[in-house]
Amino acid sequence: MINFNKFYKLFNLISLSLVIISILLLFFKGLNFGVDFKGGTLIELRANDKNINVTTLRQSFGKMNLGDFNVKKFGNENDFLIKIEKKDTSAIAIEIIKKELTSSIGGSFNFRRVENVGPKVSAELLKSGVIAIALSLAAMLFYIWIRFEWQFSLGAILALFHDVIITLGLFSLFSLEINLSIVAAILTIVGYSMNDTVVIYDRVRENLRKFSDIKIFELTNISINETLSRTIITSVTTLLALVSIYLFGGEILKGFSLAMIMGVVFGTYSSIYIANPILVKLRVSQKTILKEDGE
Amino acid sequence: MLYFSKLRIALVSLVTIFFIYIASSNFQDPENSLISKRINLGLDLQGGSYLLLEIDNEPVELQKLQNTTTVIRNFLKAKKINFNDLRIQNKTIVFTVPKNDNVLVENFFLDKESEINPYYNQYKSHQFDLSIKDSEFILSLSKYGLIEIKTSSQDQALEIVRRRVDEVGTNEPNIIKRGNNRILVELPGLDDPMRIKSLLGKTANLTFRFVTQNNNDTFGTEILQFEDGMSEALVSKRIVLNGENLLDAQPQMNNQTNETVVSFTLDRVGAKRFGKATSTGVGKQLAIVLDGKIVSAPTIQGVIASGNGQISGNFTFQSATDLALLLRSGALPAPLNIIEERTVGPDLGQDSINAGVIALMIGFLLVIFFMFFKYKIFGLIANITLLVNLFFLVGILTLFGATLTLPGIAGIILTVGMAVDANVLIFERIKEECKKEKNNIIAFDTGYVKSKTAIIDANITTLIAAIILFFMGSGPVKGFSVTLAVGIFTTLFSVYFVARMLTGLYVVKNKEKEKLI
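As you go down the protein sequences, you meet chains A and B in turn.
Here my numbering is used: the first residue of the first sequence is 1, the next is one more, and so on.
Here my numbering is used: the first residue of the second sequence is 1, the next is one more, and so on.
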């Protein structure tokens with residue numbers, strides 16, 4: 001048996017500082033919103049000419065007077081991603097860009113993907129993304145409250161907040177792009193992290209019923225240990241699947257799988273080190289559970 | 001209990017075989033398979049264009065206000081009410097009447113039978129909200145009046161957009177309403193939406209109007225530019241003919257001038273008007289105005305009574321074809337703006353499919369090896385379950401004709417990773433029970449029973465996330481939530497029916513064995 005509970009305080013302190021750092025990062029550095037949430041134009045371009053590189057593309061786009069833009073390599077040697085921030089890029093602009101590009105670097109390229117999101121749509125997408133995440137947290141809170149007791153519900157939701165905020169904090173720190181699929185990833189993290197927490201909580205509840213003489217501090221530790229191999233195996237198989245998406249699933253899924261990988265790691269950690277210490281703090285005992293059973 | 005009747009074994013096997021068949025039908029020639037259903041590939045996988053159009057209703061609202069102003073003017077004149085200062089101001093109609101006529105006028109607007117201000121029974125409200133300050137009447141479109149305008153212009157626009165897209169002839173376009181002022185157009189397989197975009201970007205409001213020399217035309221005049229932007233002309237506001245009178249329009253080569261033109265045929269009313277206009281206006285220039293710009297302004301040579309005519313104007317064959325198409329499909333009630341566009345080329349779509357399939361296979365193999373290494377025989381059972389689960393998942397997506405997107409593939413891979421969770425929970429529980437209980441069969445049974453609440457709770461939380469994602473997400477992300485949600489159900493089914501049966505059969509056979517798991 002591993003004494004996880006010996007480190008409750010230490011890890012709580014670490015988590016707290018990570019959350020604070022993340023919030024500060026979100027506040028001062030902000031998130032790198034992609035075209036989905038900021039509006040603008042994104043072009044994925046494949047060059048069939050070896051002479052085309054980031055520098056030549058940057059020069060060509062620089063001449064077009066498009067405002068802020070950004071050119072970078074995208075996976076393959078000859079694939080590039082161009083992001084243009086100008087918000088009123090109208091429907092025709094893509095065609096003009098294509099023409100001007102042809103005249104400056106020749107015609108040996110093609111647009112593999114074009115995304116053009118107007119400011120109104122991007123604002124709506126951002127709003128619905130935030131609502132979706134808030135709604136999922138609320139739904140989880142409610143569900144656990146029904147299935148368990150409010151103490152459990154609070155512990156689970158704090159663990160979720162922890163995972164979501166630190167994942168976002170890392171995205172801010174490394175300036176990784178936030179787009180629609182990242183929102184999907186965060187919602188899945190919410191589901192996964194909850195999943196992990198619930199399994200341990202389920203065991204805590206079972207043990208609470210069984211042992212009246214064991215303090216919650218010990219009891220959480222027993223429950224964590226009893227479910228530990230499951231926690232590890234499931235995390236490993238999920239991570240195996242995610243790493244496989246990250247490495248082989250193509251450039252478009254990279255951000256999504258990376259967010260999920262972070263989320264699974266934090267989710268597993270928080271199920272042990274956030275969700276359980278909260279139960280200890282809230283002095284959950286057999287009475288808490290029996291009250292529920294008696295009703 | 002872990003004993004299974006022959007019937008049950010047969011049923012589970014049958015269901016499994018059924019889904020394996022359905023899932024595999026995706027890879028067969030549609031001609032030779034019994035099931036015609038297929039998983040649809042999303043635009044991000046098969047390539048194509050997604051366009052979100054927003055209807056700019058402002059001109060329609062303004063038009064409505066103008067029309068109503070005319071009606072009010074005529075009405076007040078007819079009633080001999082001495083009105084003053086009737087005008088449109090900040091999207092409202094404003095006018096004043098003498099104090100003693102106040103009540104009379106007010107009643108005309110608030111009457112349920114009012115012709116000026118129609119009453120919508122379904123909303124229990126009038127088209128216009130009325131407010132009166134002293135003797136000043138202010139009419140503004142009510143919430144429901146605006147909704148009426150929006151829905152009717154959306155209906156019309158949808159029809160016109162559909163006609164235009166159909167005329168271009170892309171395969172299986174999907175054109176649907178979004179909200180009350182948007183239209184979503186999905187064009188599978190189209191990697192360059194330029195032509196459609198320019199076709200949808202035009203209102204195609206066609207009018208024939210005389211060019212005049214003097215400003216004192218009774219209907220008023222305006223200066224309009226030619227399409228080339230080089231010159232302009234003074235044009236009467238009187239509309240001789242508009243696009244609604246057109247029956248047909250086709251691009252054509254004019255044999256004499258060797259020019260590409262658009263020839264048109266008018267309906268009966270149109271032909272009559274055109275005949276009259278050309279007979280009275282010989283020698284005059286008739287401007288053909290499209291969306292506020294003059295296409296050309298030919299001089300009338302003689303009477304055209306047949307109702308056939310030609311529009312010339314420096315067309316290429318392509319632009320003549322497009323103009324003819326626009327004229328045939330009719331004018332949009334209001335301008336459309338493309339507010340969101342996502343286009344994926346077919347080669348990127350294929351690359352995404354390939355990458356997705358490779359990631360799925362590698363992820364699957366990694367998980368399978370890990371499970372086998374960890375649980376041996378039971379790992380094998382979990383792996384068989386996982387495979388069957390995949391068939392169930394793909395089979396159900398096929399049966400529903402669901403749309404598979406790139407995030408959807410990610411959802412399948414993620415399901416592979418998370419699906420073993422239920423089996424792991426059960427196996428771990430059985431392991432624990434085996435320590436206390438000598439009888440293998442009882443230990444297995446309790447293992448299944450005691451792990452149940454955790455499994456259900458754990459899966460419901462993921463399901464909640466998936467459902468929220470489904471309602472809040474758009475496009476590809478929706479595809480992810482669908483596979484995730486369906487994956488939860490197939491996982492539970494495969495774990496409780498397939499895996500449970502397999503473990504049951506194995507345990508019953510080896511019930512005397514020690515350290516079974």
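Built from N, CA and C at the ideal position, the CB exists for glycine as well.
Local Cβ density within 10 Å of residue i, reported as buried at 16 or more and exposed below that
| i | result |
| --- | --- |
| A:L187 | buried |
| A:M194 | buried |
| B:Q13 | For the sequence presented, residue 13 of chain B should be read as Ser rather than Gln. With fewer than 16 other Cβ atoms within 10 Å, it is exposed. |
| B:L76 | buried |
| B:F400 | exposed |
| B:T70 | exposed |
| B:E115 | exposed |
| A:S122 | buried |
| A:N179 | buried |
CB contact check: residue i to chain B, cutoff 7 Å
| i | result |
| --- | --- |
| A:N207 | no |
| A:T167 | no |
| A:A91 | Caution applies to A:A91, whose pLDDT of 49 falls short of 50 and renders its modelled position unreliable; the value that the coordinates give is listed next. Taking Cβ atoms only, chain B reaches closer than 7 Å to A:A91, which makes this a yes. |
| A:M194 | yes |
| A:I245 | yes |
| A:K63 | no |
| A:L240 | yes |
| A:D202 | yes |
| A:S15 | no |
| A:I52 | no |
| A:F248 | yes |
| A:L187 | yes |
| A:K120 | yes |
| A:I96 | no |
| A:I224 | no |
Any chain A beta carbon closer than 7 Å to residue i
| i | result |
| --- | --- |
| B:L516 | no |
| B:A410 | yes |
| B:S352 | yes |
| B:A324 | no |
| B:R273 | no |
| B:D457 | yes |
| B:P407 | yes |
| B:L348 | yes |
| B:R182 | no |
| B:I464 | yes |
| B:E340 | yes |
| B:L397 | no |
| B:E428 | yes |
Residue i versus residue j - alpha carbon distance
| i | j | result |
| --- | --- | --- |
| B:L505 | B:Y3 | 7 Å |
| A:F37 | A:V190 | 21 Å |
| A:N276 | A:I224 | 9 Å |
| B:V235 | B:S296 | 12 Å |
| A:G249 | A:Y8 | 37 Å |
| B:L187 | A:L81 | 23 Å |
| A:S17 | B:I368 | 38 Å |
| A:M1 | A:Y273 | 16 Å |
| B:L191 | B:V420 | Per the sequence presented here, residue 191 of chain B reads as Asp, with Leu not at that position. Distance between the alpha carbons of B:D191 and B:V420 is about 40 Å. |
| A:S15 | A:S175 | 21 Å |
| A:K120 | B:F391 | 41 Å |
| A:E124 | A:S136 | 18 Å |
Exercise. State whether the segment 377-395 of chain B contacts the segment 448-468 of chain B, with contact taken as three or more CB pairs (one from each stretch) at a distance under 8 Å.
Key: Result no; under three Cβ-Cβ pairs closer than 8 Å.
Practice problem: Would you check if the segment 82-100 of chain B and the segment 220-228 of chain B touch, i.e. whether three or more CB-CB distances between them fall below 8 Å? | Solution: The segment 82-100 of chain B and the segment 220-228 of chain B do not touch, with fewer than three beta-carbon pairs separated by less than 8 Å.
Quiz item: On the three-pair Cβ rule with 8 Å, is the segment 328-338 of chain B touching the segment 47-62 of chain B?
Solution: Here the segment 328-338 of chain B makes contact with the segment 47-62 of chain B; the two share three or more CB pairs at distances below 8 Å.
Exercise. Mind the definition here: the segment 230-249 of chain A touches the segment 361-377 of chain B only if three or more C-beta pairs lie below 8 Å; say whether that holds.
Key: Flag = yes, the segment 230-249 of chain A and the segment 361-377 of chain B touch.
Quiz item: Is the segment 433-441 of chain B in contact with the segment 156-171 of chain A, if contact means three or more CB pairs nearer than 8 Å?
Solution: With a cut-off of 8 Å on Cβ pairs, the segment 433-441 of chain B is not in contact with the segment 156-171 of chain A, counting fewer than three such pairs.
Practice problem: Please list the segments of the beta strand (DSSP E) lying wholly inside the segment 334-377 of chain B, counting only runs of 3 or more residues, in order along the chain. | Solution: Listed in chain order, the beta strand (DSSP E) elements of length 3 or more contained wholly in the segment 334-377 of chain B are 336-344.
Quiz item: How about the segment 194-210 of chain A and the segment 470-484 of chain B: do they share at least three Cβ pairs that are nearer than 8 Å?
Solution: Between the segment 194-210 of chain A and the segment 470-484 of chain B, the count of Cβ pairs shorter than 8 Å is below three; the stretches do not touch.
Self-check item: Touch test, the segment 198-214 of chain B against the segment 322-329 of chain B, Cβ-Cβ under 8 Å, three pairs minimum
Solution: Enough Cβ pairs lie closer than 8 Å, so yes.
Self-check item: the segment 172-188 of chain A in contact with the segment 127-147 of chain A per 3-pair CB rule at 8 Å
Solution: Verdict: yes, contact present.
Quiz item: Of all the alpha helix (DSSP H) runs that stay within the bounds of the segment 168-208 of chain A, which reach a length of 4 or more residues?
Solution: Taken in chain order, the segment 168-208 of chain A contains no complete alpha helix (DSSP H) segment of 4 residues or longer.
Practice problem: Note down, one range per segment and in chain order, each alpha helix (DSSP H) of at least 4 residues found wholly within the segment 193-226 of chain B. | Solution: Counting only runs that start and end inside the segment 193-226 of chain B, the alpha helix (DSSP H) elements of at least 4 residues fall at 194-200.
Quiz item: Do the segment 485-497 of chain B and the segment 462-471 of chain B meet, that is, are 3 or more Cβ pairs less than 8 Å apart?
Solution: Yes, they touch.
Quiz prompt | Continuous alpha helix (DSSP H) assignments of at least 4 residues falling wholly in the segment 227-289 of chain B | solution = Taking only runs of at least 4 residues, the alpha helix (DSSP H) segments lying wholly in the segment 227-289 of chain B are 268-280.
Quiz item: Fully enclosed by the segment 419-483 of chain B, which beta strand (DSSP E) runs are 3 residues long or longer?
Solution: Segments of the beta strand (DSSP E) lying fully in the segment 419-483 of chain B: there are none.
Quiz item: Does the segment 169-181 of chain B come within contact of the segment 283-300 of chain B, defined as at least 3 CB pairs closer than 8 Å?
Solution: The segment 169-181 of chain B, when compared against the segment 283-300 of chain B, does not touch it at the 8 Å Cβ threshold.
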